[in-house]
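Residue numbers (our numbering): 356 to 428. Even glycine gets a Cβ: it sits at the ideal position worked out from N, Cα and C. Everything on this sheet refers to the single structure shown next.
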């Protein structure tokens, strides 16, 4: 089962959404998005917990990850 997270679930107005097959892969993609788009260099323990609580499982029908410039920029 795929794992999905939407940036807006983390308290942002950003419309970025990402899917992955595993949680570690998903977390890596979220971290990359946070670095490149939102300028966040490190995941705090609180943010990491927020991400984990926001992960949803199911089939993803997203196209390949959205270009970061298509989200909130």
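- Pairing residue 416 with residue 394, the inter-Cα distance amounts to about 28 Å.
- Relative to residue 367, the option among 378, 389 and 407 whose CA is nearest is 389.
- The Cβ-Cβ distance between residue 369 and residue 392 falls below 9 Å.
- Judged by DSSP in its simplified three-state form, residue 383 adopts helix.
- Nearest C-alpha to residue 403 among 412, 383 and 414: 383.
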